[in-house]
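The end of the sequence shown is residue 340 by the numbering used here, with every number in the run present. The beta carbon of each residue, even a glycine, is placed where N, CA and C say it ideally should be. Computed from a predicted structure; not experimentally measured.
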Amino acid sequence: MNIDWGNLPFGYFKTDYNVRSVCRDGEWGELEISSSEYVNLHIAATTLHYGQGAFEGMKVFRGVDGKARLFRWEENGKRLQRSADGIMMAPVPLDLFHKAITTVTQLNKKYIPPYGTGASLYLRPVLFGSGAQVGVKPAREYMLIIFVTPVGPYFKEGFKPVLIQLVRDYDRAAPQGTGHIKVGGNYAASLRPADRAHKEGFSSVLFLDSKENKYIDEAGPANFFGIKGNTYVTPDSNTILPSITNMCLRQLAKDMGMKVEQRHVPVQELEEFDEVGACGTAAVISPIGKIHDRKTGKVYEYCKNGKAGSVSERLYRKLTAIQYGEEPDPYGWTEVVEGA
Ligand SMILES: Cc1ncc(COP(=O)(O)O)c(C=O)c1O
């Protein structure tokens with residue numbers, strides 16, 4: 001196998017196996033191993049018509065000691081259960097989830113990028129209604145599929161600040177809707193504003209709360225945070241996805257002696273931050289260099305020297321060092337996958 005690990009995009013790359021399980025009338029079946037990239041799906045499956053589908057995104061890292069490590073898999077498992085509950089799908093028991101992610105990692109171990117390349121193995125669990133319905137009702141059959149794909153380092157030329165567009169004419173999720181869970185519909189709703197932002201030269205969109213349009217919600221498929229002096233500030237909102245990366249950064253910020261605030265963040269406060277960033281599994285932290293308010297034309301500028309802020313950089317280094325087994329893991333966030 002001759003893979004240029006360091007230059008892989010964040011995209012689909014065929015691997016050897018995926019794993020699957022089907023839940024019929026509340027009973028999950030045996031985990032099946034498949035080498036097919038396709039599913040045979042009923043034409044009336046609820047996922048196709050009514051959007052009964054959710055997913056997760058997590059990574060396996062080849063550490064400095066050669067071991068493969070999962071990162072906070074229980075949090076992804078619990079979030080998938082909350083997503084299932086939110087749109088009335090069968091929840092995946094955590095033991096089945098664990099068996100599925102470890103099995104698929106072991107089966108595809110040759111696709112776990114070597115240590116030092118900055119690349120990792122991305123795991124994509126998908127859960128969807130596969131049973132037939134025509135009326136708007138939850139399915140009686142669900143399918144869990146987990147496939148993997150190696151992904152390159154997010155920042156190929158180093159930890160570089162990105163440009164973000166603040167939008168006021170699109171909402172990602174309704175105030176009492178599904179923004180807090182990882183269901184497909186939220187992502188469908190974000191495609192149009194994201195595409196426009198890309199065409200206008202931005203890497204992502206910053207959404208405001210959809211009720212009052214006053215507070216910062218999320219930065220595309222990532223949470224938002226700001227650093228003000230010795231304080232880490234991140235929005236508290238029921239329309240954003242609780243990011244596992246953000247959860248880690250809040251802990252690491254506290255460990256670094258910082259104050260952590262999770263609260264409403266009014267747009268005007270963008271003027272007051274020393275550093276701002278987006279955080280999530282894909283990049284850990286994307287430092288934000290500029291935010292353009294598309295409607296008012298106002299520009300908020302950070303990283304004036306073209307470099308990420310020092311607090312963001314320290315948080316990023318600390319978290320990735322734990323993921324790659326370079327530093328102690330005091331909270332037990334990583335789990336070695338035996339035989340992978
Ligand atoms: C909408 C949204 N917000 C935030 C995140 C970041 O979450 P995590 O840190 O768990 O990857 C993601 C990615 O999973 C996302 O899709």
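Near residue i, what residues of its chain come up, given a Cβ to Cβ distance below 8 Å and the 5 sequence neighbours on each side ignored?
i, result
"ALA194", "SER204, VAL205, GLY220"
"ARG124", "PHE55, GLU56, GLY57, ILE146, PHE147, VAL148, THR149"
"TYR12", "THR149"
Need the endpoints of the beta strand (DSSP E) that residue i sits in, please.
i, result
"ALA54", "53-55"
"LYS290", "284-293"
"GLY236", "Correcting the residue identity first, residue 236 is Asp in this sequence and not Gly. Looking at the DSSP string, ASP236 is not in any beta strand (DSSP E), and its letter there is neither H nor E."
"ALA219", "216-219"
"LEU127", "120-129"
"TYR300", "299-301"
"SER204", "204-208"
"THR334", "334-336"
"GLU269", "It is not in any beta strand (DSSP E) - GLU269 carries neither H nor E in the DSSP assignment."
"LYS137", "Here LYS137 belongs to no beta strand (DSSP E), and DSSP marks it neither H nor E."
"ILE3", "Careful: ILE3 lies outside any beta strand (DSSP E) and carries neither H nor E."
"PHE13", "First-last for PHE13: undefined, no H or E at that position."
"TYR226", "The sequence given here has Gly at residue 226, not Tyr. Looking at the DSSP string, the run of the beta strand (DSSP E) that includes GLY226 is 223-228."
Using a Cβ-Cβ cut-off of 7 Å (strictly less than) and excluding sequence neighbours within five positions of residue i, which residues of its own chain qualify?
i, result
"TYR50", "VAL136"
"ARG20", "GLU32, SER34, MET143, LEU144, ILE145"
"VAL64", "TYR115, TYR324, GLY325, GLU326"
"LEU252", "LEU315, LYS318, LEU319"
"PHE159", "PRO287, ALA308, GLU313, TYR316"
"GLU74", "LEU94"
"ARG285", "Here residue 285 turns out to be Ile, not Arg, going by the sequence shown. If we look at ILE285 and ignore the five residues flanking it on each side, its Cβ neighbours are GLY277, CYS279, SER312, LEU315, TYR316."
"ASP85", "PRO91"
"ILE322", "ASP329, TRP333, THR334"
List the whole-angstrom C-beta distance separating residue i from residue j, where the pair is believed to meet the contact cut-off of C-beta under 8 Å.
i, j, result
"TYR115", "ALA283", "No, TYR115 and ALA283 are not in contact; Cβ-Cβ is about 19 Å, not under 8 Å."
"LYS341", "ARG79", "Shown here, the chain extends from 1 to 340; a query on residue 341 therefore has no answer."
"MET258", "THR231", "6 Å"
"GLY341", "THR234", "No statement about residue 341 is possible, as the shown extent of the chain runs from 1 to 340 and does not include it."
"GLY77", "PHE128", "Between PHE128 and GLY77 the Cβ distance is about 17 Å, and since that is not below 8 Å, they are no contact."
"HIS42", "SER120", "Incorrect: roughly 34 Å between the Cβ atoms, too far for contact."
"VAL265", "ILE216", "5 Å"
"ILE112", "VAL60", "6 Å"
Which first and last residues belong to the alpha helix (DSSP H) in which residue i is found?
i, result
"THR245", "244-255"
"ASP95", "94-107"
"ILE322", "310-323"
"GLN81", "73-86"
"ARG192", "184-199"
Near residue i, which residues of its chain fall below 6 Å by C-beta distance, leaving aside the five closest residues on each side in sequence?
i, result
"VAL276", "GLY226, ILE288, TYR302"
"TYR300", "LEU270, ILE291"
"ALA173", "GLY179, ASN186, THR239"
"THR102", "VAL337"
"LYS67", "VAL336"
"TRP28", "SER21, LEU96"
"ALA132", "HIS42, ALA44"
"GLN165", "ALA197, PHE202, VAL205, HIS292, ARG294"
Give a yes or no on whether the minimum CB-CB distance between residue i and chain B is below 7 Å.
i, result
"GLY86", "Note that chain B does not occur in the displayed structure, where there is just one protein chain."
What alpha helix (DSSP H) runs, 4 residues minimum, are completely inside the segment 22-70? 46-50
Whole runs of the beta strand (DSSP E) within the segment 146-181, excluding any shorter than 3 residues: 162-167
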